[in-house]
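Single-structure report; data block below.
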Amino acid sequence: MGMKGKRSLTHKFIRYLILVILVSNCLMFLFQYVITRRNMKRQSMEMGLDLMKSNLTMIEQRFENIDNVAYSLIYNREIIRFLKNDTVKAADLNWLNGVESLYYNSHPDMQLSFYKAGKYGSVYSLMQAGDIEDYRYKKWYQELLWTGKEKILLSGGAQNEEFMVSVAYRINDVYSDDAVGYLKIDVDLEMLKKSFLHNYSQVAGTTILDEQGKVLFYDKLVIQPETEMMAKEERGVYETKEYIMSCGISQSTGWRLCMAMSKEELFRNQYMLIRTLLIVLASIVLITLLVSGKFFNIITVNYKRLVKGMEEVKEGNLLAVVEADTQDEISLLILEFNEMLLKLNELIRTVEAKQALLKEAEIKALQQQINPHFMHNIMETIMGLASEGMDREVIEVSECMSSMLRYNTRFENTTTLREEVEQIQNYVKVLKVRFEDRFEVFYDIDQECMDCVIVKFTLQPLVENAISHGLSGVWKDGMLRVRVKREEDTISILIYDNGTGIKPEHLEEMRVRLEETTERPLEYIDQYKSLGILNVHLRLRMYYGEKYSIEIFSKLGKGTCFSLKIPFLLAGTGQTDVPELSV
């Protein structure tokens, strides 16, 4: 992974710097926002409570004024005398009309109505001629009659955008508690309504409800008590999701006044302040990015060069040299890095030279083991033939031996599969003479593999092992099969015999030895000089490395199979990934 896939120190520094700026400023802005919002909410609640108190005071004063007018009339002796008389004179009506006109001129928002109870229960309206209405079935009359109240308040409700109320008073005789009549004052509260239409933009609405919760008046918004507590308490300030509510009860009327303050309007200025603070914060971050990025690039120039040099070394360029422009701690690291590379290159060259010499010595030592081992077996065969007087066979064996000696004495580590097979055939001729045709050899070899490069003495020791050990106890119908096939970039070699097989414990021992010799080949050269299988394994392992593998399969009484896999390398094409070491 290159630098693009990693987080550079500059980017980390800038990110941490931005994080510190954002966190510190956000905490400061949050603290300021919380304090400001809390203060504004407290001030808004206080303002709402003050407005509510002021409006309740106006209501109290208005109805106190109505009571003053009413009491000046219901305790007037002339009016009481007029209502007590059974007969109504024109002069009395004119006088009463004059009284009403006088009060109407001074209180144009009030309409006075006197009701006289007739001797026989007849009822008259003194404001009009004749029988007007039978008020005995009116709610206000029934309530005054049966409850004994001196006055009742009648609310008309908020209809047709009018805010009308009526107050009915009992007029008693001066000398008794008997009712001689009634006074009903119809009041137009339009002036009171106008006093509620505040110019405050924060006031979202005002509502007046009677004792039964009926809406008498509302401006902009109908407000209902949100909770049972609000409905019971005489005065208080409450908060909802969108509004700050202030509620209070008029002592004289029992009306509940509710006012709503819009949070959106209350905190509008605070929202503008937040936007301003965010713009300032963004400006601070932008300026910090520009300035800190420039200065940090200057500071970290040597660091970046060092990292780039390390990346080149990681990609395999061990000749990379890093230059330092400044004298600081990073420049000292650069000098140490350059010196380390020089020493590393020297060490690599030394190790490579030693490894080449070591591998050459190992292969040479192992190859030298083949010659005496092989020659010993051949000489034993010739001696046996000569002792039996088999001269023709001695000549045939000698010719094969001559060809094999020429092959063995060539100073090469590798050969072609074709030449290796020819030497196997010579070797088999010698052994068939020695064992008197007790076995047959079959070859199954791909022609495209014949010109492949292989290590010398790869097949011959394995064939010798199969004949000497596997077929040694077979007196007839012995069979040895040599199979070589190409499998993509690999050559698969199988050498199979139908001999006596290998005992399981001996087979396991051989597998363990093969595994042990893989890592420490030189330690086992002297121990396995006479064992052809391990000899082949050591040489092929050192030559091909991980591209080589060997497996042994055997079943007692059935036979043994050696399976080898080596790279497919054509001679003369340069298709090789393994070095050829000359002896």
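Heads up: the sequence shown begins at 1 in full-length UniProt numbering, then just goes up one per residue. Glycine included, C-beta positions come from ideal geometry on N, C-alpha and C. The model shown is predicted, which means the values in this text are computed figures rather than measured ones.
Check, Outcome
"Assuming T500 contacts G473 (C-beta within less than 8 Å), just tell me the rounded distance between them.", "5 Å"
"Out of curiosity, what's the CA-to-CA distance linking I330 and M310?", "13 Å"
"Just how far apart, CA to CA, sit residue 613 and E346?", "Residue numbering for the chain in the displayed model covers 1 to 583; residue 613 lies beyond these limits and cannot be assessed."
"By how many angstroms is the C-alpha of G545 removed from the C-alpha of V20?", "55 Å"
"Sort L480, D451, Q32, E190 by Cα distance to residue 610 and report the nearest one.", "In the structure as shown, the chain starts at 1 and stops at 583, and residue 610 therefore has no counterpart that could be examined."
"Based on Cα-Cα distance, which residue from V167, F439, Y182 lies nearest to Y496?", "F439"
"With DSSP as the reference, label R136 as helix, strand or coil.", "helix"
"For a test of the three-state rule: what should DSSP assign to residue 602, helix, strand or coil?", "Only positions 1 to 583 of the chain appear in this structure, which leaves residue 602 out of reach."
"Does R81 pass the burial test, meaning 16 or more other C-beta atoms within 10 Å, or should it be called exposed?", "exposed"
"How long is the line joining the alpha carbons of Q251 and Y238, rounded to whole angstroms?", "21 Å"
"May I ask you to report which of helix, strand or coil DSSP gives T381?", "helix"
"Closest by CA to E412, which one among F457, K429, R392?", "F457"
"Alpha carbons only, please: which of G181, S176, N85, L318 is nearest the one belonging to K116?", "G181"
"Counting pairs of beta carbons, one from the region 11-31 and one from the region 281-288, are three or more of them closer than 8 Å?", "yes"
"Could you pull the DSSP bridge partners for A260 from this structure?", "G205, M245"
"When we look at the beta-carbon of F63 and count the other beta-carbons within 10 Å, is it buried (16 or more) or exposed?", "buried"
"Buried or exposed: which applies to L278, given that a residue is buried once 16 or more other Cβ atoms fall within 10 Å of its Cβ?", "exposed"
"Spatial neighbours of D92 within its chain, please: C-beta separation below 6 Å, excluding the five flanking residues on both sides.", "F82"
"In angstroms with no decimal places, state the Cα-to-Cα distance between L341 and E323.", "13 Å"
"For L570, which residues from the same chain have a beta carbon less than 8 Å from its beta carbon, with the 5 sequence-adjacent residues on both sides left out?", "D451, C452, V453"
"The alpha helix (DSSP H) that contains P461, what's its start and end?", "460-465"
"Considering Cα atoms alone, identify which of E420, E488, R486 is closest to V455.", "E420"
"I382 and S398: beta carbons closer than 9 Å?", "yes"
"State the Cα-Cα distance for the pair R418 and W475, rounded to the nearest angstrom.", "30 Å"
"Given a cut-off of 9 Å, decide if I493 and K565 are closer than it, judged by their beta-carbon atoms.", "yes"
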